[in-house]
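In the numbering used here, the protein residues as written are 357 to 754.
Glycine residues also receive a C-beta, built at the ideal position from the N, C-alpha and C atoms.
Let me begin by presenting the structure, written as structure tokens, before commenting on it.
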């Protein structure tokens, strides 16, 4: 029998892992540069833990392929099982490979459900103070219950545990971890219902924000559509296991890693987006300083519109929906109402709206404002002229 590892799978696995680790590191840097390590939120630590589990899962998948050649205690008829010499080379490969498959199942579930929890925590910060928090609390409970149910089905779907790597007599499909229908059906069903529920939380809220431009709306839809790919990858993984008992498990391992990779990217993109905006703004500023004449003449071919307000018109700029991820619950994203005194008599009142770079619909939502909170961005009221109003303390507001 000629056996060899699938080198294409190994290259793909570690390529995806490298990109995923880079994205998680970029997210951590973005959060560190914005709020500092001491102000990390719970999902920041969860994402770091998810990265460690993702690396372990990739290592286990590599071991199953490179060391045990994808072999386990499945894909053998009764006669072959009976003739297979105990403690021989193939017997050892199949026994150890079955143990690795069982570990891989548990790591796969752990990293996926950890990423679901990260997304739920992000939603809770995004919608702080809104009635939708009830749905997020339900998501927390659903994630916890379904994770425990999935792990219990993997560990106790075959009992006693050592039958998961038994060769002869045939322990049955439920005790063959690489192709166990119990593992496949339970994991697929619980994975899908939690993904669908998590997707149902933000999309109606985002769609109801009427002041979103079409470009931003399409960008958000594309980002959350990655969750649909995650569900499709999970379905394909299970279909391959069920329809191809010989090589389906090896192909399914590829789709499992792709599923984890895309889920990790989706969980980190909202946190990286503000960092990307700041980088683009700095590049634009540098370009304008080097080529001021081109920018002034409107011939800058590298200019990217970042929804900045026009100097001549103090109108509200387009919202930066992703700024919540770096802004915290307070910060400079809010607007103030304050009286600015002057030595002259009151002659006129001008009302201007203040919006900083971090101002956004999402930042308002995080502070319980916006279209659901019943409040509006504040205004700064300047009273020009007159000396009747005593000077206000620095930073005081109405």
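Open item on the list: Assuming contact is defined by CB atoms lying nearer than 8 Å, are residue 508 and residue 402 in contact in what I supplied?
Closed with: no
- [ ] Please work out which residues of its chain come closer than 6 Å, Cβ to Cβ, to residue 373, disregarding the five sequence neighbours upstream and downstream, and give them in chain order.
- [x] 414
Task: Contact set for residue 520: own chain, Cβ-Cβ below 7 Å, skip 5 residues either direction - done: 454, 458, 514, 531, 533
TODO: Pick helix, strand or coil for residue 499, following the three-state DSSP scheme.
DONE: Residue 499: helix per DSSP, three-state reduction.
Task: Residue of 616, 477, 540 minimising C-alpha distance to residue 554 - done: 477
Open item on the list: Taking its Cβ as the centre, do 16 or more other Cβ atoms sit within 10 Å of residue 603, making it buried, or is it exposed?
Closed with: Classification of residue 603: exposed, given that the 10 Å Cβ count is below 16.
Task: Contact belief for residue 510 with residue 462 at Cβ below 8 Å, rounded distance in angstroms - done: Going by Cβ atoms, the distance from residue 510 to residue 462 rounds to 6 Å, so yes, they are a contact pair.
TODO: Using three-state DSSP, classify residue 560 as helix, strand or coil.
DONE: helix
TODO: Excluding the 5 residues preceding and the 5 following residue 441 in the sequence, name in chain order all residues of the same chain whose CB lies nearer than 8 Å to its CB.
DONE: Closer than 8 Å at the Cβ level, and outside the excluded window around residue 441, lie 447.
- [ ] To the nearest angstrom, report how far apart residue 593 and residue 465 are at their CA atoms.
- [x] 13 Å
Open item on the list: Buried or exposed for residue 630, going by 16 or more other Cβ atoms inside 10 Å?
Closed with: buried
TODO: Sort 590, 524, 387 by Cα distance to residue 432 and report the nearest one.
DONE: For the residues 590, 524, 387, the minimum Cα distance to residue 432 belongs to 524.
Task: Start-to-end residues for the alpha helix (DSSP H) that takes in residue 380 - done: Residues 363-391.
- [ ] Compute every distance between the C-beta of residue 456 and the non-hydrogen atoms of the ligand COA, then say whether any falls below 7 Å.
- [x] No copy of the ligand COA appears in this structure; indeed no ligand is present at all.
Open item on the list: When you compare the CB positions of residue 619 and residue 468, do they come within less than 8 Å of one another, or not?
Closed with: yes
Open item on the list: Do residue 615 and residue 590 have their beta-carbon atoms positioned less than 8 Å apart in this structure?
Closed with: yes
- [ ] Could you give the DSSP three-state label for residue 534: helix, strand or coil?
- [x] coil
Open item on the list: Quick check on residue 799: does DSSP put it in helix, strand or coil?
Closed with: Any question about residue 799 goes unanswered here, given that the chain covers just 357 to 754.
Task: Same chain only: Cβ atoms within 7 Å of residue 546, ignoring 5 sequence neighbours per side - done: Excluding positions up to five away in sequence, the list reads 502, 505, 506.
Open item on the list: Can you look up residue 505 in the DSSP assignment and give me helix, strand or coil?
Closed with: helix
- [ ] Out of 437, 557, 543, state which residue places its alpha-carbon closest to the alpha-carbon of residue 494.
- [x] 557
TODO: Reducing DSSP to helix, strand and coil, say where residue 454 ends up.
DONE: helix
- [ ] Look at the alpha carbon of residue 577 and the alpha carbon of residue 559, and state the distance between them as a whole number of angstroms.
- [x] 8 Å
Open item on the list: To the nearest angstrom, how far is the alpha carbon of residue 598 from that of residue 642?
Closed with: 56 Å
Task: Whole-angstrom C-beta distance between residue 369 and residue 410, which should lie under 8 Å - done: Wrong, their Cβ atoms sit about 11 Å apart, outside the cutoff.
TODO: Measuring alpha carbon to alpha carbon, tell me which of 600, 549, 395, 429 ends up nearest residue 518.
DONE: 429
Open item on the list: Comparing C-alpha positions only, which one of 423, 444, 377, 635 sits nearest to residue 362?
Closed with: 423
Open item on the list: Buried or exposed for residue 755, going by 16 or more other Cβ atoms inside 10 Å?
Closed with: Here the chain comprises residues numbered 357 to 754, so residue 755 is not present and cannot be evaluated.
Open item on the list: Tell me the residue span of the alpha helix (DSSP H) that contains residue 426.
Closed with: Segment: none, residue 426 is in no alpha helix (DSSP H) and carries neither H nor E.
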